[in-house]
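Structure, as structure tokens:
Numbering (full-length UniProt numbering), first residue to last: 1 to 536.
Structure follows, in structure tokens:
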């Protein structure tokens with residue numbers, strides 16, 4: 001601490017440590033050195049510990065026994081049975097080879113010697129130190145189990161200094177034991193850090209049991225992935241409570257029990273269906289208004305084409321909301337039986353957030369590279385949706401055109417009909433969704449709704465303002481996206497302009513999606529809004 005040796009030299013004195021232990025302590029040592037914080041070593045000398053582990057406390061000299069072993073009659077033997085109902089020897093032997101053998105009993109003696117030595121050092125430091133100061137003890141979890149009601153260091157200190165307040169914080173939540181409701185917790189608090197994502201035993205099992213008992217539910221009645229998540233300890237009490245709250249509504253209950261995708265999204269964002277309804281309402285309304293404006297009196301006569309465009313737009317808008325929506329997936333924790341290639345693919349995809357602005361969740365700590373990759377992955381997904389839906393719309397148009405010629409040959413005025421470049425339209429459409437639409441919906445789903453909207457509801461209790469913000473942002477996005485598509489369609493030649501408007505008969509024919517009339521050289525620019533309203 002006074003600079004006489006460096007970190008590498010100090011590490012040589014801890015060669016008997018596991019590598020990960022040095023990695024845990026090194027930042028603490030550097031912090032104390034840089035900030036002038038006093039350090040006190042409270043461990044038992046290594047030779048004493050090894051002697052007890054090999055031959056027991058009786059092998060210590062009288063002087064050593066006086067310093068490092070608890071006095072006779074202090075509860076040494078009775079302390080072997082913990083207040084939780086599991087014996088200390090059982091806990092220690094669970095990590096060793098021979099349970100209840102001589103070595104496990106000697107290890108238990110060594111553990112008691114360690115606890116006693118630490119407690120003596122801590123009490124001495126408290127007595128000689130600043131009464132108003134704070135003493136932070138960093139040690140293994142087994143030394144502080146069950147706090148003052150256990151048999152470790154806090155329990156020994158509390159007997160000597162009852163007026164001193166103690167708080168036990170478990171720095172590694174994954175180390176907590178599986179316990180039933182009503183059993184004493186292993187610590188007062190669990191420490192969660194973004195620097196070390198938790199992958200199991202992340203939440204208090206007794207709190208989970210309390211939530212389930214309050215709801216009158218049994219674990220067996222939950223979906224399989226939720227059951228597995230509870231077993232692994234990665235389902236928080238808040239998520240479980242959200243699930244039970246959603247079950248109160250029949251439609252919600254049906255969705256979260258039958259469909260994995262809806263369950264993942266509704267648990268992460270209970271307002272997901274509201275956002276989906278807003279987007280679909282805007283899409284259907286603007287599409288129908290544009291169709292009626294362009295078709296005028298032929299609107300109901302060409303209702304089949306109207307429905308084709310409207311349904312396609314609804315499907316596309318569904319995926320623009322679905323794909324970037326935040327999710328809580330337990331499959332990454334529950335699935336462990338897949339093949340290596342499938343497991344690798346799942347691991348790569350599961351390591352990415354659903355959108356670049358998604359908040360961190362249990363077991364995930366996304367860096368800037370992963371967030372950037374999520375934008376690219378979202379773009380690829382939307383591009384695929386756009387390509388397939390565009391091809392599907394072209395096929396549907398051909399089918400409807402053929403059916404119309406058969407059913408109403410006398411009304412057919414499209415003898416000069418010329419095929420529009422479906423593959424080109426699909427390629428341009430997919431690029432538009434994968435770039436412009438993807439970026440806009442990343443911002444809406446992640447930044448505006450997931451972060452700003454949730455903060456308005458959580459901290460200011462303003463759900464109306466949050467819903468209004470979502471509605472306004474999606475409306476502006478729909479209009480802006482339409483304008484962008486019109487410009488792109490003109491530049492690429494998918495929908496071209498002409499100086500003279502075609503006749504009403506030809507114009508009505510050219511309104512069909514992905515088709516243009518052969519008697520007209522080009523299509524009017526405003527006609528492109530017929531297709532553009534469902535491309536945002």
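Cβ coordinates follow ideal geometry from the N, Cα and C atoms, glycine included.
Euclidean distance between Cα positions of residue i and residue j
{"i": "residue 235", "j": "residue 319", "result": "27 Å"}
{"i": "residue 483", "j": "residue 283", "result": "14 Å"}
{"i": "residue 35", "j": "residue 25", "result": "16 Å"}
{"i": "residue 478", "j": "residue 485", "result": "11 Å"}
{"i": "residue 203", "j": "residue 237", "result": "8 Å"}
{"i": "residue 454", "j": "residue 248", "result": "22 Å"}
{"i": "residue 428", "j": "residue 301", "result": "30 Å"}
{"i": "residue 352", "j": "residue 377", "result": "9 Å"}
{"i": "residue 396", "j": "residue 220", "result": "46 Å"}
{"i": "residue 40", "j": "residue 468", "result": "57 Å"}
{"i": "residue 245", "j": "residue 360", "result": "23 Å"}
{"i": "residue 140", "j": "residue 42", "result": "12 Å"}
{"i": "residue 205", "j": "residue 213", "result": "12 Å"}
{"i": "residue 16", "j": "residue 383", "result": "56 Å"}
{"i": "residue 33", "j": "residue 358", "result": "37 Å"}
{"i": "residue 498", "j": "residue 490", "result": "Only weak support is given to the placement of residue 498: the predicted model assigns it a pLDDT of 48, under 50, and the value that follows is read from those uncertain coordinates. Going by the C-alpha atoms only, they are around 11 Å apart."}
{"i": "residue 298", "j": "residue 251", "result": "38 Å"}
{"i": "residue 452", "j": "residue 474", "result": "14 Å"}
{"i": "residue 281", "j": "residue 290", "result": "14 Å"}
{"i": "residue 405", "j": "residue 317", "result": "31 Å"}
{"i": "residue 129", "j": "residue 72", "result": "29 Å"}
{"i": "residue 218", "j": "residue 261", "result": "23 Å"}
{"i": "residue 307", "j": "residue 223", "result": "37 Å"}
Residue i and residue j closer than 8 Å at C-beta
{"i": "residue 170", "j": "residue 153", "result": "no"}
{"i": "residue 391", "j": "residue 426", "result": "yes"}
{"i": "residue 137", "j": "residue 49", "result": "no"}
{"i": "residue 313", "j": "residue 285", "result": "no"}
{"i": "residue 267", "j": "residue 239", "result": "yes"}
{"i": "residue 278", "j": "residue 471", "result": "yes"}
{"i": "residue 269", "j": "residue 450", "result": "yes"}
{"i": "residue 151", "j": "residue 109", "result": "no"}
{"i": "residue 324", "j": "residue 462", "result": "no"}
{"i": "residue 389", "j": "residue 476", "result": "no"}
{"i": "residue 355", "j": "residue 466", "result": "no"}
{"i": "residue 233", "j": "residue 263", "result": "no"}
{"i": "residue 156", "j": "residue 119", "result": "yes"}
{"i": "residue 60", "j": "residue 52", "result": "yes"}
{"i": "residue 123", "j": "residue 160", "result": "yes"}
{"i": "residue 400", "j": "residue 305", "result": "yes"}
{"i": "residue 188", "j": "residue 143", "result": "no"}
{"i": "residue 275", "j": "residue 321", "result": "yes"}
Alpha helix (DSSP H) segment containing residue i, residue limits
{"i": "residue 405", "result": "368-407"}
{"i": "residue 301", "result": "Residue 301 -> no alpha helix (DSSP H), and no H or E assigned at all."}
{"i": "residue 171", "result": "No alpha helix (DSSP H) holds residue 171; DSSP gives it neither H nor E."}
{"i": "residue 227", "result": "224-232"}
{"i": "residue 249", "result": "It is not in any alpha helix (DSSP H) - residue 249 carries neither H nor E in the DSSP assignment."}
{"i": "residue 202", "result": "Careful: residue 202 lies outside any alpha helix (DSSP H) and carries neither H nor E."}
{"i": "residue 465", "result": "463-492"}
{"i": "residue 23", "result": "19-35"}
{"i": "residue 49", "result": "46-55"}
{"i": "residue 423", "result": "422-432"}
{"i": "residue 272", "result": "272-295"}
{"i": "residue 455", "result": "454-459"}
{"i": "residue 14", "result": "Premise fails: residue 14 is in no alpha helix (DSSP H) and is neither H nor E."}
{"i": "residue 153", "result": "153-160"}
{"i": "residue 355", "result": "Neither: residue 355 is in no alpha helix (DSSP H) and is coded neither H nor E."}
{"i": "residue 264", "result": "260-268"}
{"i": "residue 72", "result": "Residue 72 -> no alpha helix (DSSP H), and no H or E assigned at all."}
{"i": "residue 439", "result": "438-442"}
Whole-angstrom C-beta distance between residue j and residue i, which should lie under 8 Å
{"i": "residue 256", "j": "residue 243", "result": "7 Å"}
{"i": "residue 440", "j": "residue 379", "result": "No, residue 440 and residue 379 are not in contact; Cβ-Cβ is about 11 Å, not under 8 Å."}
{"i": "residue 44", "j": "residue 117", "result": "4 Å"}
{"i": "residue 327", "j": "residue 265", "result": "5 Å"}
{"i": "residue 493", "j": "residue 433", "result": "19 Å between Cβ atoms; not a contact."}
{"i": "residue 22", "j": "residue 11", "result": "6 Å"}
Any chain C beta carbon closer than 8 Å to residue i
{"i": "residue 249", "result": "Of the chains in the structure shown, none is chain C; there is only one protein chain."}
6 Å Cβ shell around residue i - same chain, five flanking residues per side excluded
{"i": "residue 79", "result": "For residue 79, the pLDDT reaches just 42, beneath the cut-off of 50, and the residue's location in the model is therefore unreliable, although a value from the coordinates is still provided. For residue 79, where only same-chain residues beyond five positions count, the Cβ hits under 6 Å are 151."}
{"i": "residue 542", "result": "This structure gives no information on residue 542, because the portion of the chain shown stretches from 1 to 536."}
{"i": "residue 226", "result": "none"}
{"i": "residue 565", "result": "Nothing in the structure corresponds to residue 565, since the chain is present only between 1 and 536."}
{"i": "residue 330", "result": "225 and 229"}
{"i": "residue 191", "result": "169 and 171"}
Chain-order list of residues whose beta-carbon lies under 8 Å from that of residue i (same chain, five-residue window excluded)
{"i": "residue 77", "result": "Residue confidence for residue 77 is low, a pLDDT of 43 falling below 50, so the modelled location carries little weight; the figure read from the coordinates is stated next. Closer than 8 Å at the Cβ level, and outside the excluded window around residue 77, lies no residue."}
{"i": "residue 456", "result": "462, 463, 465, 466 and 469"}
7 Å CB neighbourhood of residue i in its chain, flanking five on each side removed
{"i": "residue 366", "result": "353 and 360"}
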